[in-house]
Structure formats: C-alpha cells, structure tokens
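For reference, the structure is listed below as structure tokens.
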Amino acid sequence: MSELDNSIQVEKLVRNFKNLRAVDGIDLHVDPGEIYGFLGPNGAGKSTTVLMLTTLLPPTSGMARVAGHDVVRDGPKVRAAIGAALQEAALDPLLTGRDHLRLQATLQGIPRHERRSRCDELLERVGLADAADRKVRGYSGGMKRRLDLALALVHRPRIVFLDEPTTGLDIQSRTALWQEVARLARDEGVTVFLTTQYLEEADVLADRVGIIDHGRIVAEGTPAALKAEIGRPSIHARPVTDADGDRIVGVLERFGEPVAGGTRDIAVRLRDGTAGLAEVVRALDAESLAVVDLELRQPTLDDVFLAKTGRSLEGASDEEESATDTVARR
Amino acid sequence: MSTTLTSQVGAVARRSVTRTLRQPASAIPPLVFPVALLAVNAGGLKASTQLPGFPTDSFLAFALAVPFIQGALFSTMNAGTDLARDIQTGFLNRLSLTSIRGSALLAGQLAGIVALGLFQAMFYIAVGLIIGVDFQSGVGGILVLLVFAAGVSLGFGALGCFMALRTGSGEAIQGLFPLLFVFLFISSMNTPRDLIGVDWFRYAATANPVSYLIECVRSLIISGWDGEALALGFGVAAAIVLVSVPLSAWALRRRLAR
Chain A
0 MSELDNSIQV EKLVRNFKNL RAVDGIDLHV DPGEIYGFLG PNGAGKSTTV
50 LMLTTLLPPT SGMARVAGHD VVRDGPKVRA AIGAALQEAA LDPLLTGRDH
100 LRLQATLQGI PRHERRSRCD ELLERVGLAD AADRKVRGYS GGMKRRLDLA
150 LALVHRPRIV FLDEPTTGLD IQSRTALWQE VARLARDEGV TVFLTTQYLE
200 EADVLADRVG IIDHGRIVAE GTPAALKAEI GRPSIHARPV TDADGDRIVG
250 VLERFGEPVA GGTRDIAVRL RDGTAGLAEV VRALDAESLA VVDLELRQPT
300 LDDVFLAKTG RSLEGASDEE ESATDTVARR
Chain B
0 MSTTLTSQVG AVARRSVTRT LRQPASAIPP LVFPVALLAV NAGGLKASTQ
50 LPGFPTDSFL AFALAVPFIQ GALFSTMNAG TDLARDIQTG FLNRLSLTSI
100 RGSALLAGQL AGIVALGLFQ AMFYIAVGLI IGVDFQSGVG GILVLLVFAA
150 GVSLGFGALG CFMALRTGSG EAIQGLFPLL FVFLFISSMN TPRDLIGVDW
200 FRYAATANPV SYLIECVRSL IISGWDGEAL ALGFGVAAAI VLVSVPLSAW
250 ALRRRLAR
C-alpha cells in the first residue's frame, strides 16, 4: 500500500459492548480526497466507528485500513496520518488557544522552528488569531469547535475525522466550519470522514453519504443518487382543523402512499410525481377541504432514511439515546 | 532520549504545571494547609519537647517534616483529579491521538507532578528558614531533602495517576482523600515512635510506611546525617516508586488500549 494512500477501507467491522453490538459488520470505502458523510441518529454507531478508525477503540472483529495502515497492527502509522476532532471538543479550559496548538504541535513532532508559524497560520485560518491568548473557558461553542479543527490539522494530516463537528453550533458558525472543511478537501486533497446527524450537513458537504442505523449501513451513495432512488416527491398538507384530518388522508391517499409528515402534516409520496400536484389541489377543493399549508417536497436524505429504516432520521435522533457512544467514551 | 521525546515529555509537564498555576484553588492548598497545620501543632504540642528522650527542643523543627509529606499527599490528589478530568473530558484521547508514546505521556504527567513537588518542598524549606529552623544537615542536607521530595512526589503522583486511570473519576480520587490522611495521622508525625505510649498506635505507626518518610525528612532537619533514617526513608520512597510507576504505566496501557 502506498505511503500516500489517503483512503479508508473497512470490511465487516464489528464492535461489541457486553451485550450490545454497536457496530454490526459494516463495509465501506472512502476514496482519497473525498468528503464522506456518515449519517445516522444518536446511538447508530457513528462515533464508535470513528473511535475504531482513529485507533482509540479496538474492533471486536473485522478489518479497517486507514491511510493504507491496519488500525489494529499499525496504530502509530495511522495516528501519524490522521487528524481528528471528536464529538466533544476536548479542550483544557485553563489553557489558551495558542497553548493548545503549541502543545499539539510539539506532541505531533513539528520541528521547534516551525511551531510558532504553524500555530499562527492555523489560528488565522480558523479566525481565532484575536482570541489566541485567551483561556479556552471563555470561548463560545463555535470558537471551541474551530480550535478543535485547527488542532486536528496541526501536522497536516492526509485524512481528517470530524465527529459531529457542528452539533450545537449556530448557523453562522456551522457555515464557517463547512467552508473550511470543503476547502480542506478541495484545495489540499485531504480525505474527510464526517459524522453528522444533520441532513443538510451531509447534503451540502459530502461527496458520498453512508447512512447507518443500529450499527449497520443501510444506504450508501452520492446524496443525489440516494435521493434519486426514492425518486418521487411528496406532498405535505396541514389541515385547518384536526377534524378534517381523516378526510384529507382519504383524499391524498388516492394519489400515493402515505409517508411520515411530522406531527401536524399529512403526507403522501406522489405516484405520478409533480404531475399529480394539480390533481391533488382539485380533489381537495372538490371535497371543500381547506388546508393551512400545502407543500411539494423533493426527496431528502431523511426520505432515504425513512425508506430504508421505516423511521424519520430527525425523529430517531430524539428517540435513541447514545448508549453506545457513552460506552465507547468510557 | 531523543530530542522529540524530550520535547514531548517537557510539553506535557509544562501543561501540567501551567494548569496548576492557573487555578489557585488547586495550587495554594498544598502550600498553605500543611503550614497552617504545622503552626497549629507547634502551638499545641510544644510541651512534647519536655518529654524525656524527645530528640529536639524545637517542636517547629520536629514537625517541619510533616508538610513535606502532607504536601506530597495533596499532590497525589491533584494529579489524580486532573488526570481523571482529562479522561472524562476526552483530553487524554486528544493526547493519545498524537504521535506521543504512552511512556512519554506518563513521564510528562509525572514530570509535572515532580516539578510541583519540588516547588512545594522549596516553599517549606523557605518557611522553615524564615521561622528560624536550623537544618542540622546543612546545605547538603537541603539538597538531599529536595531529591527525597522529588522521589516522594513521583511515587505518590504515580499512585494518583494509577487511581485516575483505573477509575476515570475525579470523585473517586477525592473519596480516597480521608484514607490518605489516616496514613498521615497514624504515623510518627507528632511524636517519635519510641515515645508513643499507646501500644496499638505505636505498632500502627511502626507498620505505617509514611512514618519512615517523615522520619527521613526529620532526620535531615534535626539530627544531621542519620544513615538508618535515610536508608529507611529512601527505601520506602523507592518501593512506592517501584510499585506505583509500573502500575500507572500498566493502567495507561489498559486505558488507551490503542
């Protein structure tokens, strides 16, 4: 395997925690320079997978090669090739941003004469130059995440693992981080393995997406290809009163099969695609049924998740506690 | 040791010292409480020096040995609590994802603890000199005392690291605090062992390794060069180091499991 191999290869990877199988025989391949989005609800096995791929957790069975090196046998070589920002930005509140970068640069073996310039460059790049000498306990969530990313990049890794990097961030911080991640892959050819529970994040950033549920990959492909599998759009109607609900269901079901529409909406996937929209409106009008809102939605990754698992990803995130992630972090 | 390894150990040690100095609530008690206890004991137990066979007429000089060991016990707690926090927050994972070796990681942690232990020892020596204690072993004895303090800090610090690595919980470490103080109080901290009148207490103090650590320091302060006390003290300190350092290295390997 080439020393410059930036790929990730996983075969039949399994991780058990006592009676729980957190990762259940997954296979995946990430090409060099690709942004791979690993999408799934809490407890699906995303973080456990990342911990195994970053050598922090030994697999129960299966094989994983990162940057051409086996994660079990060649841990030091894997660690030298990767950078990682794990689920919670693990920072020391008593150290400054610059202290963190200096420590990381030293531990990564950056030569002394390069450390200062590398730290300054990264602080500038993630927009923390002005806050570099402030203790991290005064940083906002977005600043901590950006510092976390900078720390992952100190030694110019060929592969970067980002475990839910934007969870809890406001939209501005999230967008800034997306831009930096996209730039990494585009300009520097870094392979990015990104876990997320945000559909939009996977959709916007990822070249390919793997959807994981209960430790198994249930779908994989480009966001466009996955959505194309679902194919047809859905129509979502919100009744004026709950009393009209059953009648609206009856009308809509003439045009397609029901799908989950959220707490208040009634939704069906249109049998005839967008061409069926006008018919739906006419049918509702003919029955004198008023709606507050009527929306045609193109398939989303949530629809893909729903089609593959029978559940909505956004709902699943709330339902499932990350038991495996907690165990994995010990 | 290679330059990179030295730099790595130094960087981890520097971080350990920096974070201690930046949290006064952690840095000050190991300095102030032992001195406060020294002042209280010296005031209340001054009459002990009238006992036949008491080795000195200055109780302050006699009791000055205690802060060195008490400070090291505080260091154990702080080192363990800090490392447990690193485990809980994932900072240890961050460090272990770098190219640092496990041995360097542990050496760095322990070097930071030893540096702080030496600083504490110098503080207690300064306090002793200020209050007029005459170090019978002279400047050479003070240097030996510093070496001894470094060894004790290393031993107790490694013990703290071991407990942190095994439990991963700062609360569990704090829960051991009373136990460590039992070792301190059931020792010869306030009375020479041969003058302890209560049999069970004398036996317990004789069996308690902390007694020998205190007596080693004490001998350098009030007796000069006492070969037996030094041998016993250094022997106990070495035994603690020889047990606790490999234990903490083993616990780190288990914890990282990488």
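Residue numbers (numbering that gives the first Met the number 0), protein chains in the order written: chain A, 0 to 329; chain B, 0 to 257.
Where a beta carbon is used, it is the ideal one built from N, C-alpha and C, also for glycine.
Since residue i sits in a beta bridge, which residues does DSSP pair it with?
i, result
"L27 of chain A", "A:V9"
"L212 of chain B", "L212 of chain B is not bridged to any residue."
"M188 of chain B", "The partner list for M188 of chain B (beta bridge, DSSP) is empty, contrary to what the question assumes."
"E294 of chain A", "A:H235"
"I216 of chain A", "A:I211"
"H68 of chain A", "A:V65"
"L269 of chain A", "A:G255"
"T105 of chain A", "According to DSSP, T105 of chain A bridges with nothing at all."
"R281 of chain A", "Answer is none; R281 of chain A lacks a bridge partner."
"F16 of chain A", "A:L19"
"S139 of chain A", "Per DSSP, none; premise fails for S139 of chain A."
"T95 of chain A", "A:K134"
"S60 of chain A", "A:V13"
Starting from residue i and walking both ways along the alpha helix (DSSP H), at which residues does that stretch end?
i, result
"G230 of chain A", "Element bounds for G230 of chain A: n/a, residue is neither H nor E."
"P257 of chain A", "Run containing P257 of chain A: none in the alpha helix (DSSP H); it sits in the beta strand (DSSP E), 255-258."
"S243 of chain B", "226-255"
"F304 of chain A", "300-308"
"R111 of chain A", "111-124"
"I172 of chain B", "169-174"
"I170 of chain A", "170-187"
"A163 of chain B", "137-166"
"I221 of chain B", "Taken as a continuous stretch (DSSP letters only), I221 of chain B belongs to no alpha helix (DSSP H), as it is neither H nor E."
"S74 of chain B", "64-88"
"T283 of chain B", "This structure leaves residue 283 of chain B out entirely; chain B is present only between 0 and 257."
"K45 of chain A", "45-52"
"A201 of chain A", "198-204"
"A35 of chain B", "28-43"
"D198 of chain B", "198-206"
Am I right that residue i and residue j are in contact with their C-beta atoms under 8 Å? What's the rounded C-beta distance?
i, j, result
"T47 of chain A", "V22 of chain A", "5 Å"
"I7 of chain A", "T190 of chain A", "7 Å"
"Q7 of chain B", "T105 of chain A", "6 Å"
"A151 of chain A", "A84 of chain A", "5 Å"
"A79 of chain A", "V65 of chain A", "Between V65 of chain A and A79 of chain A the Cβ distance is about 11 Å, and since that is not below 8 Å, they are no contact."
"G324 of chain B", "I86 of chain B", "With chain B running from 0 to 257 in the structure shown, residue 324 of chain B is simply not present."
"R231 of chain A", "T221 of chain A", "Not confirmed; about 19 Å, so no contact."
"A201 of chain A", "L300 of chain A", "6 Å"
"I99 of chain B", "I213 of chain B", "Actually they do not touch by this definition, with Cβ atoms about 36 Å apart."
"V161 of chain B", "S47 of chain B", "First, the amino acid is wrong: residue 161 of chain B is Phe here, not Val. 36 Å between Cβ atoms; not a contact."
"P298 of chain A", "I229 of chain A", "4 Å"
"V49 of chain A", "D162 of chain A", "5 Å"
Which stretch, first to last residue, makes up the beta strand (DSSP E) that contains residue i?
i, result
"V159 of chain A", "158-162"
"T190 of chain A", "190-195"
"R35 of chain A", "Looking at the sequence itself, residue 35 of chain A is Tyr, so the reference to Arg does not match. Counting along the chain, the beta strand (DSSP E) containing Y35 of chain A begins and ends at 34-38."
"G101 of chain B", "Looking at the DSSP string, G101 of chain B is not in any beta strand (DSSP E); the run it does join, the alpha helix (DSSP H), is 101-129."
"A83 of chain A", "81-84"
Under the criterion of a Cβ to heavy atom distance below 7 Å, does residue i qualify as lining the ligand HEM?
i, result
"P40 of chain A", "No copy of the ligand HEM appears in this structure; indeed no ligand is present at all."
Practice problem: Using a Cβ-Cβ cut-off of less than 9 Å, list which residues of the region 67-80 of chain B approach chain A; keep chain order. | Solution: none
Quiz item: Does the count of Cβ pairs from the region 210-227 of chain A and the region 32-51 of chain A closer than 8 Å reach three?
Solution: yes
Self-check item: Touching by the beta-carbon criterion (3+ pairs, under 8 Å), the region 90-98 of chain B and the region 202-221 of chain B
Solution: no
Quiz prompt | Three-pair Cβ contact test at 8 Å for the region 60-70 of chain B versus the region 101-111 of chain B | solution = no
Quiz item: What are the residues of the region 66-77 of chain A that lie near chain B, defined by any Cβ-Cβ distance shorter than 8 Å?
Solution: G74, P75
Quiz prompt | Residues within the region 101-123 of chain A neighbouring chain B, beta-carbon criterion of under 8 Å | solution = R101, L102, Q103, T105, L106, Q107, G108, R111
Quiz item: Quick check: the region 235-242 of chain A against the region 274-293 of chain A, are there 3 or more CB pairs under 8 Å?
Solution: yes
Practice problem: Decide yes or no for the touch test of the region 125-139 of chain A against the region 56-72 of chain A: beta carbon pairs closer than 8 Å, at least 3 of them. | Solution: no
Quiz item: Within the chosen definition, does the region 175-192 of chain B reach the region 140-153 of chain B through at least 3 CB pairs nearer than 8 Å?
Solution: no
Quiz item: Using a Cβ cut-off of 7 Å, which residues of the region 221-238 of chain A contact any Cβ in chain B, in chain order?
Solution: none
Quiz item: Are three or more beta carbon pairs between the region 78-87 of chain B and the region 118-134 of chain B nearer than 8 Å?
Solution: no
Quiz prompt | Where the region 87-102 of chain A meets chain B: residues whose CB sits under 8 Å from a CB there | solution = E87, A89, L90, D91, L93, L94, D98, R101, L102
Quiz item: If contact means a Cβ-Cβ distance below 7 Å, which residues of the region 2-14 of chain B contact chain A?
Solution: T3, S6, Q7, A10, R14
Quiz item: Listed from N- to C-terminal order along the chain, which residues in the region 44-56 of chain A have their beta-carbon within a distance smaller than 9 Å of any beta-carbon of chain B?
Solution: L50, T53, T54, L55, L56
Exercise. Identify each residue in the region 92-120 of chain B for which the Cβ-Cβ distance to at least one residue of chain A is less than 8 Å, and report them in chain order.
Key: N92, R93, L94, S95, L96, T97, S98, I99
Quiz prompt | Inter-stretch contact (C-beta, 8 Å, three-pair minimum) for the region 66-79 of chain B and the region 29-49 of chain B | solution = yes
Quiz item: Does the region 134-151 of chain B come close enough to the region 34-52 of chain B to have 3 or more Cβ pairs within less than 8 Å?
Solution: no
Quiz item: Mind listing which residues of the region 175-203 of chain A have their C-beta closer than 9 Å to chain B's C-betas, in chain order?
Solution: none
Exercise. Please name the residues in the region 152-165 of chain B whose beta-carbon is closer than 8 Å to at least one beta-carbon of chain A, in chain order.
Key: none
Exercise. Check distances from the C-beta atoms of the region 131-150 of chain A to those of chain B and list, in chain order, the residues that come in under 8 Å.
Key: K134, L150
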